[in-house]
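Residue numbers (our numbering), protein chains in the order written: chain W, 1 to 208; chain C, 209 to 416; chain B, 417 to 624.
Where a beta carbon is used, it is the ideal one built from N, C-alpha and C, also for glycine.
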Amino acid sequence: MFHLFLPREENFFALFREIAEQIVRAAHEFERMLGDLGKSAVHSSAIKDIEHRGDEITHQTMDLLHKTFITPMDREDIHHLITRLDDILDFIDASAQRVSLYEIHSAPAEMVALAKICVQAAENVKLAVEALSNLKKPDGIAKCCVEINRLENEADVILRASVARLFKEEKDTRLLIKLKEIYELLETVTDRCEDVANIVEGMILEYA
Amino acid sequence: MFHLFLPREENFFALFREIAEQIVRAAHEFERMLGDLGKSAVHSSAIKDIEHRGDEITHQTMDLLHKTFITPMDREDIHHLITRLDDILDFIDASAQRVSLYEIHSAPAEMVALAKICVQAAENVKLAVEALSNLKKPDGIAKCCVEINRLENEADVILRASVARLFKEEKDTRLLIKLKEIYELLETVTDRCEDVANIVEGMILEYA
Amino acid sequence: MFHLFLPREENFFALFREIAEQIVRAAHEFERMLGDLGKSAVHSSAIKDIEHRGDEITHQTMDLLHKTFITPMDREDIHHLITRLDDILDFIDASAQRVSLYEIHSAPAEMVALAKICVQAAENVKLAVEALSNLKKPDGIAKCCVEINRLENEADVILRASVARLFKEEKDTRLLIKLKEIYELLETVTDRCEDVANIVEGMILEYA
Chain W
1 MFHLFLPREE NFFALFREIA EQIVRAAHEF ERMLGDLGKS AVHSSAIKDI EHRGDEITHQ
61 TMDLLHKTFI TPMDREDIHH LITRLDDILD FIDASAQRVS LYEIHSAPAE MVALAKICVQ
121 AAENVKLAVE ALSNLKKPDG IAKCCVEINR LENEADVILR ASVARLFKEE KDTRLLIKLK
181 EIYELLETVT DRCEDVANIV EGMILEYA
Chain C
209 MFHLFLPREE NFFALFREIA EQIVRAAHEF ERMLGDLGKS AVHSSAIKDI EHRGDEITHQ
269 TMDLLHKTFI TPMDREDIHH LITRLDDILD FIDASAQRVS LYEIHSAPAE MVALAKICVQ
329 AAENVKLAVE ALSNLKKPDG IAKCCVEINR LENEADVILR ASVARLFKEE KDTRLLIKLK
389 EIYELLETVT DRCEDVANIV EGMILEYA
Chain B
417 MFHLFLPREE NFFALFREIA EQIVRAAHEF ERMLGDLGKS AVHSSAIKDI EHRGDEITHQ
477 TMDLLHKTFI TPMDREDIHH LITRLDDILD FIDASAQRVS LYEIHSAPAE MVALAKICVQ
537 AAENVKLAVE ALSNLKKPDG IAKCCVEINR LENEADVILR ASVARLFKEE KDTRLLIKLK
597 EIYELLETVT DRCEDVANIV EGMILEYA
C-alpha cells in the first residue's frame, strides 16, 4: 500500500511532483512571453533552462529506477510516466524556441487561446501527479484526468479552425508555415498531457 | 493455451475484433469520401464518430487490463496492440479532417491510390486480429502480416513519387502543403498497420 | 553476469553489433552523397539497401527474443534497444530519399554539418553497443553516451539556426520546405542516437 513506503520509494513521487512544478512554470512563462514578444529571447531562454531542469529530473528518476529493487508501482509505469512528463516540457520548449526563432512579433488570438489551454492542462497535470502519492482520494485525480481530456479536445478544435483560417486568410505563405508549426506544437503539449492523464488513470485502477 | 481461456480473458479478443471492425469501417468511409467530396463534412463527421468509438474501446481494454490478474498474453503486448490499433483510427481521422478542413475539392489519383491501400491494409489487420484468438492457423495470420508489409512498402513508394510530383507540378504552394500533409498522414496509416502486424507476428512466435 | 552467457544469448549482442555497423555505413554513405549530388540516386539506393538489411536484423532479433526463454537482459530493454537502433537507420534513409527525390543539387553548409554530426553520433553508438557485451569497462560506454548527448545538442542548435536562416534568406519557398524537412530529419537521427544512449546508460546502471 502507498502509505507504507520506504524513504527511497517516496523519492519517485517527489521527482514526479518536481517535474510537474517545472511544467506549470514553463507553461506560465510561455503565456507571459506571448504578452511580451519584444523580449521573446529572454522568455525562451528561461523556458530552455526549465527544460534542462526537466532533463535532470528525468535522469535522476531513471537512475533511481535502476537502483531500486522494489518500486512503489510498476517499473514500466514509472518509466512511461516520467518520459511523458518530460515530453510535455520538451514541447513547451519547442514552441517557445519557434516563437523566438521565427521572430513572431504579434501573437494571433488562436495562439493565445492555445497557450491558456496549455496552462490549464499543466495545472491539472500537477494536481493529478501530486495526488498520486496519496491514493485515498482517487475521485480528485479522476476529475483532473477528465478535465485534461476535455482541454485536449478543445485544443484540437482550436488547432483545426486556426489552420483552416491560416490557409484562407494569411497571405504570407512563410508566416503560414511558421504559425501552423507553432499551433501544432502547442496542441501536442496537450496531447502529451493527455498521455500523462491516461497513465495516471491506469495507476488509479491498478493500485487504488 | 488459447482454447482454455476464462470468459474475462476472452473479452480482450472481443475488444480487439471490435476496434478492427471500426478501422475497416473508417477506411471504407474515407474512400467513399474521396468520391463524394461535395459532402466531405458529412463523411469526416462520420469518421470522427468512429474514432470516438475507438477511444472508448481502448479505454475499456485498459480498464480490463488493470482489473485482470492473469491475462491471455503478455500485458505489455496487449497494451501495445490496443494502442497501435487506436493509432490507425486516429490517423484515418486526421486524414479525413484535413480533407474536409482544407476544402479539397478534387482528389488527385495518388490520394485515391493511398486510400485504396489503407482499405486493404485495414482488412488485413482485421483478418489478423480475428485469427489471434485461435492460433491453430498461424499460417493465415502470417500471410496477412506479409501482405500488410507489402502494402506499407507500396504506400511508401506512392508517397515519395507523389510528393516529388507535387514539387514539380503543383504551382499553388499552399495546395502543395495541404496535399503533402494528407499524403503523409495516409502513409502513416499503413505504418501503424505494419506496427500491428509486427506485434501480431511476435505473438504467434511466442504463443503458437 | 554477462561473462556466463550461453551461445544463444550471445547472439543478441552479435545482432546489436551488426545493426550498429550498418548505421555507421549508412551515415558515411549519406555524407559521401552530399559531396557527390550528381549521383544522389545511386547513393540513396545504397542507403535503402542498408536500411533493408537493418529491417532483417531487427526481425531476427525479435524472432530470437520470442524463442529465448532466458534473455541476457530485460526483454523490454532488448525490444526497445533494437527498435531505436532500427529507427536511426530509418531516419538516415528518409533523409537520403528526400535529398534524391527533391533533386537537391547543392548541399548547404548546414546540411553538411548535420551529416558530419550524424557520422560522429553513429560511431559513438557503435562503440557503446560493442562495449555492451563486456560490461567490465562501463566508463568507456558512459563516455560514448555523454558524447552522443553533446552531439544531439549541437545538432539541435544547428537545426534552429539553419531554419531561422532559411526563413530569412531562402527566397524560394518550395526549396525552403524541402530543406527544412531534410534538416529536421537529420536532427531526428541524432535524437534516436540519444534514445539509444539513454537505453544503454540504463543497462549499465542495472547490470554492471
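Where residue i falls: helix, strand or coil (DSSP)
{"i": "B:I615", "result": "helix"}
{"i": "B:K587", "result": "coil"}
{"i": "B:P554", "result": "helix"}
{"i": "C:S253", "result": "helix"}
{"i": "C:G246", "result": "helix"}
{"i": "W:A107", "result": "coil"}
{"i": "C:M270", "result": "helix"}
{"i": "C:F418", "result": "Given that chain C is displayed from residue 209 to residue 416, the structure contains no residue 418 of chain C and the question cannot be resolved."}
{"i": "W:D133", "result": "Going by the sequence as given, residue 133 of chain W is Ser instead of Asp. Here W:S133 sits in coil by DSSP."}
{"i": "C:Y310", "result": "coil"}
{"i": "C:H211", "result": "Confidence at C:H211 is low in this model, with a pLDDT of 42, below 50, so its placement is unreliable and no value can be given for it."}
{"i": "C:D263", "result": "helix"}
{"i": "B:D607", "result": "helix"}
{"i": "C:D294", "result": "helix"}
{"i": "W:D221", "result": "Here chain W comprises residues numbered 1 to 208, so residue 221 of chain W is not present and cannot be evaluated."}
Whole-angstrom distance between residue j and residue i, CA atom to CA atom
{"i": "C:F277", "j": "C:I356", "result": "33 Å"}
{"i": "W:D172", "j": "W:E181", "result": "14 Å"}
{"i": "C:E218", "j": "C:H274", "result": "15 Å"}
{"i": "W:F2", "j": "W:A131", "result": "Low confidence applies here, because W:F2 scores a pLDDT of 47, under 50, leaving its location unreliable and the question unanswered by this model."}
{"i": "C:A222", "j": "C:L335", "result": "13 Å"}
{"i": "C:L289", "j": "C:Q305", "result": "25 Å"}
{"i": "B:L607", "j": "B:V535", "result": "The sequence shown places Asp at residue 607 of chain B, rather than the Leu named in the question. The straight-line gap from Cα to Cα measures roughly 13 Å."}
{"i": "C:V404", "j": "W:K39", "result": "47 Å"}
{"i": "W:S212", "j": "W:V42", "result": "Absent from the model: residue 212 of chain W. The displayed extent of chain W is 1 to 208, so no value can be given."}
{"i": "B:A436", "j": "B:A538", "result": "8 Å"}
{"i": "B:L420", "j": "W:L205", "result": "Unreliable placement is indicated for B:L420, whose pLDDT of 45 sits below 50; no coordinate value is reported for it."}
{"i": "W:R25", "j": "B:Y599", "result": "30 Å"}
{"i": "C:Q268", "j": "B:P524", "result": "51 Å"}
{"i": "W:E76", "j": "C:H287", "result": "12 Å"}
{"i": "C:E226", "j": "C:N342", "result": "16 Å"}
{"i": "C:L393", "j": "B:S578", "result": "26 Å"}
{"i": "B:R590", "j": "W:Y207", "result": "53 Å"}
{"i": "C:K386", "j": "B:E570", "result": "32 Å"}
{"i": "C:L384", "j": "W:E170", "result": "16 Å"}
{"i": "C:S303", "j": "B:K553", "result": "50 Å"}
{"i": "C:L272", "j": "C:V337", "result": "18 Å"}
{"i": "C:C353", "j": "W:D74", "result": "32 Å"}
{"i": "C:V320", "j": "C:G243", "result": "9 Å"}
{"i": "B:D509", "j": "B:E519", "result": "15 Å"}
{"i": "W:K48", "j": "C:T291", "result": "31 Å"}
{"i": "C:A254", "j": "W:A46", "result": "44 Å"}
{"i": "C:K324", "j": "C:V397", "result": "12 Å"}
{"i": "C:V365", "j": "C:I258", "result": "29 Å"}
{"i": "C:R423", "j": "W:R150", "result": "Residue coverage of chain C in this structure runs from 209 to 416, which leaves residue 423 of chain C outside it and unanswerable."}
Beta-carbon neighbours of residue i, restricted to chain D and to distances below 8 Å
{"i": "B:E492", "result": "No chain D is part of this structure, whose protein chains are labelled W, C and B."}
Beta-carbon separation (whole angstroms), residue i vs residue j, contact threshold 8 Å
{"i": "W:E187", "j": "W:L85", "result": "Not quite, the Cβ-Cβ distance comes to about 18 Å (not below 8 Å), so this is no contact."}
{"i": "W:V125", "j": "W:I23", "result": "6 Å"}
{"i": "C:R368", "j": "B:L453", "result": "Not a contact, Cβ separation roughly 18 Å."}
{"i": "W:S44", "j": "W:M62", "result": "In fact, because the Cβ distance is near 27 Å, the residues do not count as touching under 8 Å."}
{"i": "W:P72", "j": "W:F12", "result": "6 Å"}
{"i": "B:E610", "j": "B:E568", "result": "4 Å"}
Kindly confirm or deny that the stretch 500-510 of chain B and the stretch 463-482 of chain B touch, where touching means at least three C-beta pairs closer than 8 Å.
yes
Measuring CB atoms only, is the stretch 195-206 of chain W touching the stretch 139-147 of chain W, in the sense that at least three cross pairs come out at less than 8 Å?
yes
Report the residues of the stretch 18-39 of chain W with a CB closer than 9 Å to any CB of chain C, ordered along the chain.
none
Taking three-plus beta-carbon pairs below 8 Å as touching, is the stretch 362-375 of chain C in contact with the stretch 437-448 of chain B?
no
Members of the stretch 51-70 of chain W near chain B, C-beta cut-off 7 Å
M62, D63, H66 and K67
Contact set between the stretch 355-376 of chain C and chain B, restricted to residues whose Cβ is under 8 Å from the partner:
R368, V371, A372 and F375
Pull out every residue of the stretch 500-513 of chain B whose Cβ sits closer than 9 Å to any Cβ of chain C, in chain order.
Q513
Just by C-beta distance, which residues in the stretch 594-609 of chain B are closer than 8 Å to chain C?
K594
Selection of the stretch 97-119 of chain W by Cβ proximity to chain B, strictly under 7 Å:
Q97, L101 and Y102
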